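Sequences listed follow chains W and H, in order.
In terms of numbering that gives the first Met the number 0, the first sequence is residues 0 to 460.
In terms of numbering that gives the first Met the number 0, the second sequence is residues 0 to 460.
All C-beta atoms, glycine included, are put in the ideal place defined by N, C-alpha and C.
Owing to the predicted nature of the structure, the values given are computational and were not obtained by experimental measurement.
A short write-up of the structure that comes next.
There are 2 protein chains.
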Amino acid sequence: MAALDAVLTRIDSNLDQALDRLFALIAIPSISTDPTYAADCRRAAEWLVGELQSLGFDTALRPTEGHPMVVAKARTGRQGAPHLLFYGHYDVQPPDPLDLWETPPFAPRMADMPTGKQIIGRGVADDKGQLMTFVEACRAYKETAGALPCDVTILLEGEEESGSASLPAFLAANRDELAADLVLVCDTGMWDRETPAITTMLRGLVLEEVVIHAADRDLHSGMFGGAAVNPIHVLAKIIADLHDETHRITLPGFYDGVAELPPEIAEQWRHLPQEGHDFLGDVGLSEPAGEKGRSLQEMLWARPTCDVNGIIGGYTGKGSKTVLPAQASAKFSFRLVGQQDPEKIAASFRSFVHARLPADCHVEFISHGASPAHQLPFSSEALTRAVAALRAEWNTEPVLAGCGGSIPIVGAFKQDLGMDALMIGFGLDDDRIHSPNEKYELSSFHKGARSWARVLAALAG
Amino acid sequence: MAALDAVLTRIDSNLDQALDRLFALIAIPSISTDPTYAADCRRAAEWLVGELQSLGFDTALRPTEGHPMVVAKARTGRQGAPHLLFYGHYDVQPPDPLDLWETPPFAPRMADMPTGKQIIGRGVADDKGQLMTFVEACRAYKETAGALPCDVTILLEGEEESGSASLPAFLAANRDELAADLVLVCDTGMWDRETPAITTMLRGLVLEEVVIHAADRDLHSGMFGGAAVNPIHVLAKIIADLHDETHRITLPGFYDGVAELPPEIAEQWRHLPQEGHDFLGDVGLSEPAGEKGRSLQEMLWARPTCDVNGIIGGYTGKGSKTVLPAQASAKFSFRLVGQQDPEKIAASFRSFVHARLPADCHVEFISHGASPAHQLPFSSEALTRAVAALRAEWNTEPVLAGCGGSIPIVGAFKQDLGMDALMIGFGLDDDRIHSPNEKYELSSFHKGARSWARVLAALAG
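Structure representation (structure tokens):
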């Protein structure tokens with residue numbers, strides 16, 4: 000523990016210089032989606048290469064079809080040391096709309112707010128400030144103990160904000176080099192300003208578009224109404240049939256692989272501190288609309304869903320048109336949890352639709368992707384150790400959170416490299432990521448680095 | 000009967016000149032919707048004024064906000080003579096797409112087809128050829144008997160194809176002048192080439208647009224899915240609930256005022272000649288999709304409907320977007336029959352929707368109109384006489400048909416002037432109205448005029 004104390008003290012005393020480094024990184028407009036900024040993306044990657052090399056990492060800029068990857072390795076030389084792969088991204092969202100920024104997006108600054116100091120700038124929370132918490136923890140180890148407590152490979156990509164197009168091929172081509180015991184991801188958030196969180200579950204996603212075809216042309220609803228099948232009605236019936244009265248999804252086999260939460264987790268979620276949290280109220284809603292008898296957090300993090308994300312058919316302009324359309328279509332998405340099998344669910348859905356097709360209708364399916372949920376087992380030793388590390392830093396019980404959305408990169412690590420991910424991040428809900436005046440709390444940055452120092456020590460065993 | 004025989008003989012011998020007159024009218028491009036053709040519309044009206052004046056009608060061109068009306072009166076002077084108001088329209092649809100016409104649309108020609116001669120030209124079936132059948136019948140009376148057998152007022156409008164915008168005000172302003180015992184309309188069709196039809200029922204129409212609002216913005220379906228109410232699902236449930244398993248409409252009170260067909264009419268409809276009729280097959284369908292246990296004709300003509308004519312919500316572009324939309328909307332139409340009350344049905348529908356709104360949703364309704372059905376009583380004396388007249392001309396039993404759509408003008412005559420309409424027309428399903436190469440059978444034109452001669456004699460009593 001003496002070693003860890005020295006590391007933590009070093010992080011504290013290094014804070015001003017750490018901020019200088021972070022500001023230098025933010026100042027590079029590494030907007031990945033806009034080719035105009037390709038050189039800036041490369042410059043950000045090169046800056047990181049230089050930074051990691053200076054810490055003694057074996058570091059390389061690795062070309063891809065798109066923006067380069069940064070790969071940096073530090074080995075303990077210790078037999079049996081755990082091997083961690085840290086993932087982050089150095090690219091950022093475009094800053095538009097520019098006129099809503101109080102100061103230029105790539106001229107980072109510190110702001111004094113009643114709740115504490117904030118760093119303002121594009122990408123500070125997503126993900127430059129977050130990835131630098133890990134780099135600063137590594138620096139403190141190098142500068143005090145001379146080495147990291149675990150074998151660490153750092154992988155930083157430059158295309159996360161534009162779809163990570165090059166990542167799957169890069170992982171596939173460098174499977175052996177990137178193989179590790181566990182992936183660390185710093186791209187998520189805390190529960191609130193005082194309460195850290197580890198994201199242990201990400202929902203998977205099945206995307207199915209359905210086009211129902213009926214007559215071979217649009218029909219006059221006066222001439223044909225009452226005798227011609229209406230594909231909008233067929234689609235509506237399918238949508239209505241997908242949920243029962245308790246809002247449970249009726250697809251056969253849908254809940255296969257969905258486990259009930261461990262009671263202590265369910266209990267934790269029911270009693271999360273709610274100050275500053277008005278998740279539904281913030282968007283004009285008041286009642287959780289999901290399965291009866293489940294808590295809001297459970298609905299969002301641990302239960303699967305079926306939603307129609309878009310529907311269109313017939314005349315949708317102003318006024319009226321008495322048409323019976325030839326077709327109607329809808330885009331369905333299923334959020335998956337636990338061990339739900341995306342392929343089986345897509346197949347069950349297609350059968351469900353076929354079973355509800357009346358005479359004279361046929362259906363066309365378009366898949367827009369399918370990926371399983373990701374779940375770090377609650378019983379995982381790494382999770383238990385990370386929880387203890389965060390508890391020590393924040394003096395409160397970390398939330399074992401879920402995330403309703405998918406993080407494709409985490410799925411890729413699991414599917415392509417067989418690695419689970421430990422997602423620890425220090426962002427807050429009000430960080431305005433992707434929006435003007437993006438910010439990151441100074442406390443997130445500072446205690447984030449301290450948290451990683453503790454987590455590395457904990458994982459080292 | 001001697002007088003009628005002379006009239007019929009005169010129609011036969013006048014046929015060539017009658018065609019010359021029809022061709023002259025077709026040659027005027029009286030396209031009402033396009034202001035470029037305003038002078039042509041006026042020219043067509045003036046041509047008709049001249050024609051009717053030459054037959055001794057007291058005729059006037061009557062200005063409106065749009066294209067002028069033609070009003071022509073012939074009185075028998077006979078006490079107790081029935082008074083008939085004949086309605087037709089001299090305007091036509093635009094001829095586009097022009098390149099699909101085999102010959103120019105306003106250069107009418109005769110074509111010899113295996114099934115008989117056809118007149119080709121824009122507006123020949125809709126409605127110039129049809130209205131001229133009545134004018135030619137009047138001519139034959141004037142040229143043989145010297146007078147018509149009934150008091151007749153002819154009203155020809157020039158805006159039917161562009162929405163009859165000026166008609167309601169014109170009817171209201173000239174109520175006393177236009178009052179008659181019965182309206183004759185020649186803008187409908189025969190059952191088939193050999194079988195005439197009288198259209199005795201037109202369905203009414205209630206048009207309601209529904210917008211379901213949920214959250215105050217579009218939501219990310221990963222972040223909110225499972226907890227936020229989805230307005231597409233709410234709308235789908237409403238649509239699905241509107242029909243039961245037998246395809247009956249579930250709206251409370253919906254069938255109030257819907258009478259069962261007289262058995263002899265139901266029987267006639269079940270045994271209509273089917274040669275050349277593949278109503279559903281022609282549009283790629285095979286099974287009537289309406290209420291179980293009803294014949295196709297009954298579904299189309301004598302039963303009310305509920306259809307969604309358009310629906311939209313969420314993301315409808317290519318690919319997928321994981322959005323929970325803030326709103327979803329649909330355009331509903333109800334076709335009405337018999338004595339169904341449009342206002343009551345609109346109110347019942349709105350209650351039905353309100354009853355299905357979950358927490359956090361609200362609904363916006365937009366009415367796009369409501370009109371009752373029109374039904375000429377099967378027991379009407381005029382109908383009985385007209386049936387006999389057509390039977391004599393065509394040597395077969397006329398079909399007492401319905402029309403699934405609305406003819407707004409017929410509703411206006413009923414609501415504003417309290418007059419029923421006897422709808423007799425000689426169009427065929429394959430006349431290509433509103434399409435390139437519009438045609439009208441020579442037999443429709445010739446026997447149509449003879450039919451009107453007989454109907455006038457029959458109605459005179």
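- prompt: Apart from the five residues just before and just after D430/H, which ones in its own chain have a Cβ nearer than 7 Å to its Cβ?
  reply: Taking the second sequence and counting its residues from 1, one reaches residue 430/H at position 431. The answer, listed in chain order, is A124, E437, K438, Y439.
- Query: In terms of alpha-carbon separation, which member of K320/H, G401/H, L279/H lies closest to G337/H?
  - Reply: Reading the second sequence from its first residue, position 338 is the one you call residue 337/H. Cα-wise, what sits closest to G337/H is G401/H.
Check: Which residues of chain H have a Cβ atom closer than 9 Å to the Cβ of I238/W, listed in chain order?
Finding: Your numbering for residue 238/W matches position 239 in the first sequence. The answer, in chain order, is I231, H232, L234, A235, K236, I238, A239.
- Message: Excluding the 5 residues flanking A387/H on each side, which residues of the same chain have their C-beta closer than 8 Å to its C-beta?
- Response: Here residue 387/H refers to the residue found at position 388 of the second sequence. These residues qualify, in order along the chain: A457.
Checklist entry - Along chain W, in chain order, which residues have C-beta atoms closer than 8 Å to that of E259/H? => result As a working mapping, residue 259/H is identified with position 260 in the second sequence. Here the premise fails: no neighbours, minimum Cβ distance about 16 Å.
(message) Tell me which residues share the same chain as P195/H and place their Cβ nearer than 6 Å to its Cβ, disregarding the 5 neighbours each side in the sequence.
(response) Counting from 1 along the second sequence, the entry for residue 195/H is found at position 196. Cβ neighbours of P195/H beyond the five flanking positions: M189, L389, W393, P397.
Using a Cβ-Cβ distance cut-off of 8 Å, determine whether A411/W contacts chain H. Looking up residue 411/W in the first sequence gives position 412. By this cut-off, A411/W is not an interface position.
- Quickly, what does DSSP pair L204/H with across the bridge? List them, please. As a working note, residue 204/H is residue 205 in the second sequence. Looking at the DSSP assignment, L204/H forms a beta bridge with R334/H, S370/H.
Check your understanding: When you compare only the Cα positions, how much space is there between P407/H and T152/H?
Key -> By one-based count along the second sequence, residue 407/H stands at place 408. By one-based count along the second sequence, residue 152/H stands at place 153. Each residue's Cα considered, the two are about 20 Å apart.
Using the Cβ count rule (16 or more neighbours within 10 Å means buried), how would you classify R334/H? Residue mapping note: residue 334/H aligns to position 335 of the second sequence, counting from 1. Of the residues assessed, R334/H falls on the buried side of the cut-off, its CB having 16 or more other CB atoms within 10 angstroms.
Point to revise | Three-way DSSP call (helix, strand, coil) for S328/W in this model | key: Translated into the one-based positions of the first sequence, residue 328/W becomes position 329. DSSP places S328/W in strand when its eight states are reduced to three.
Indicate whether at least one CB of chain H lies closer than 8 Å to the CB of T321/W.
Residue 321/W sits at position 322 when you count from the first residue of the first sequence. Chain H contact via Cβ: present.
- Task: For Q374/W, count neighbouring C-beta atoms within 10 Å of its own C-beta (all shown protein chains included) and say buried if the count is 16 or more, exposed if not.
- Result: Here residue 374/W refers to the residue found at position 375 when the first sequence is read from its first residue. So Q374/W counts as buried.
Start and end of the alpha helix (DSSP H) containing G128/W?
Along the first sequence, read from residue 1 onward, the residue named residue 128/W stands at position 129. From DSSP, the alpha helix (DSSP H) with G128/W extends over 128 to 143.
| Cα separation between V233/H and I311/W? | Position 234 of the second sequence holds residue 233/H. Position 312 of the first sequence holds residue 311/W. Cα to Cα, V233/H sits roughly 15 Å from I311/W.
Give a yes or no on whether the C-beta atoms belonging to D90/H and E176/H are separated by under 8 Å.
-> Translated into positions along the second sequence, residue 90/H becomes position 91. Translated into positions along the second sequence, residue 176/H becomes position 177. For D90/H and E176/H, no; Cβs fall outside 8 Å.
Using 8 Å as the Cβ pair cut-off and three pairs as the minimum, do the segment 202 to 212 of chain H and the segment 197 to 209 of chain W touch?
At 8 Å Cβ cutoff, the stretches do not touch.
* DSSP bridge partner residues for M422/H (one or two, in chain order) -> As a working note, residue 422/H is residue 423 in the second sequence. Per DSSP, V184/H, T198/H.
* Give the DSSP-derived three-state secondary structure of L299/W in the structure shown. => Counting from one through the first sequence, the residue named residue 299/W turns up at place 300. Note: L299/W maps to helix in three-state DSSP.
Requested in this report: Kindly give me the distance between the Cβ atoms of C149/H and L54/H, rounded to whole angstroms, as I take these residues to be in contact under 8 Å.
Outcome: As a first step, residue 149/H is located in the second sequence; it is residue number 150 there, counting from the start. As a first step, residue 54/H is located in the second sequence; it is residue number 55 there, counting from the start. Not a contact, Cβ separation roughly 15 Å.
Exercise. Could you confirm whether any beta carbon from chain W is found closer than 8 Å to the beta carbon of I311/H?
Key: Numbered from its first residue, the second sequence carries residue 311/H at position 312. I311/H counts as touching chain W.
Check your understanding: Distance, Cα to Cα, L441/W vs P94/W?
Key -> Along the first sequence, one-based indexing puts residue 441/W at 442. Along the first sequence, one-based indexing puts residue 94/W at 95. Those two C-alpha atoms are separated by around 21 Å.
I need the boundaries of the alpha helix (DSSP H) containing F22/W, first residue and last residue. Along the first sequence, read from residue 1 onward, the residue named residue 22/W stands at position 23. Segment 14 to 25, the alpha helix (DSSP H) holding F22/W.
Exercise. Nearest-angstrom Cα distance between A452/W and L155/W?
Worked result: Position 453 of the first sequence, counted from the first residue, corresponds to residue 452/W. Position 156 of the first sequence, counted from the first residue, corresponds to residue 155/W. A452/W and L155/W: Cα-Cα distance of roughly 19 Å.
**Asked** Given that M222/W touches chain H, what residues does it touch there, using C-beta distances under 7 Å?
**Response** In the first sequence, the residue the question calls residue 222/W occupies position 223. What M222/W touches in chain H: G403, G404.
Legend entry - Sequence-distant residues of its chain with Cβ nearer than 7 Å to D240/W (five each side left out): Taking the first residue of the first sequence as 1, we reach residue 240/W at position 241. For D240/W, same chain residues with a beta-carbon under 7 Å away, outside a window of 5 residues either side, are T249, R355 in chain order.
Problem set entry | Closer than 8 Å to chain H by CB, V307/W | By one-based count along the first sequence, residue 307/W stands at place 308. At least one chain H Cβ lies under 8 Å of V307/W.
* Asked: Using a Cβ cut-off of 8 Å, which residues of the segment 279 to 290 of chain W contact any Cβ in chain H, in chain order?
  -> L279, V282, G283, L284, S285, E286, P287, A288, G289, E290
Exercise. To which residues does DSSP link E440/W through a beta bridge?
Worked result: For this step, residue 440/W is matched to residue 441 along the first sequence. Answer is Q117/W, bridged to E440/W.
Pull up the distance between the alpha-carbon of V352/W and that of G313/W, whole angstroms please. As a working note, residue 352/W is residue 353 in the first sequence. As a working note, residue 313/W is residue 314 in the first sequence. Spanning the two alpha carbons is a distance of roughly 20 Å.
Exercise. Residue range of the beta strand (DSSP E) that K72/W falls in?
Worked result: For the purposes of this step, residue 72/W is taken as the residue at position 73 of the first sequence. Where K72/W is concerned, the enclosing beta strand (DSSP E) stretches over 68 to 73.
Exercise for the section: Tell whether a beta-carbon distance below 8 Å holds between I119/H and T102/H. Expected result: Mapped onto the second sequence, residue 119/H falls at position 120. Mapped onto the second sequence, residue 102/H falls at position 103. Cβ atoms of I119/H and T102/H: closer than 8 Å.
### Task
Whole angstroms is fine: what's the gap from L218/W's alpha carbon to H367/H's?
Taking the first sequence and counting its residues from 1, the one referred to as residue 218/W is at position 219. Taking the second sequence and counting its residues from 1, the one referred to as residue 367/H is at position 368. Spanning the two alpha carbons is a distance of roughly 19 Å.
- Count the other CB atoms, across all protein chains shown, that sit within 10 Å of the CB of P376/W; report buried if there are 16 or more and exposed otherwise. As a working mapping, residue 376/W is identified with position 377 in the first sequence. Classification of P376/W: exposed, given that the 10 Å Cβ count is below 16.
Next item on the list: Check whether the Cβ of R349/W lies closer than 8 Å to any Cβ atom in chain H.
Entry: Residue 349/W sits at position 350 when you count from the first residue of the first sequence. It does not: the Cβ of R349/W has no partner Cβ on chain H nearer than 8 Å.
How is H445/H classed by DSSP in three states: helix, strand or coil? Locating residue 445/H in the second sequence gives position 446, where the first residue counts as 1. H445/H: helix per DSSP, three-state reduction.
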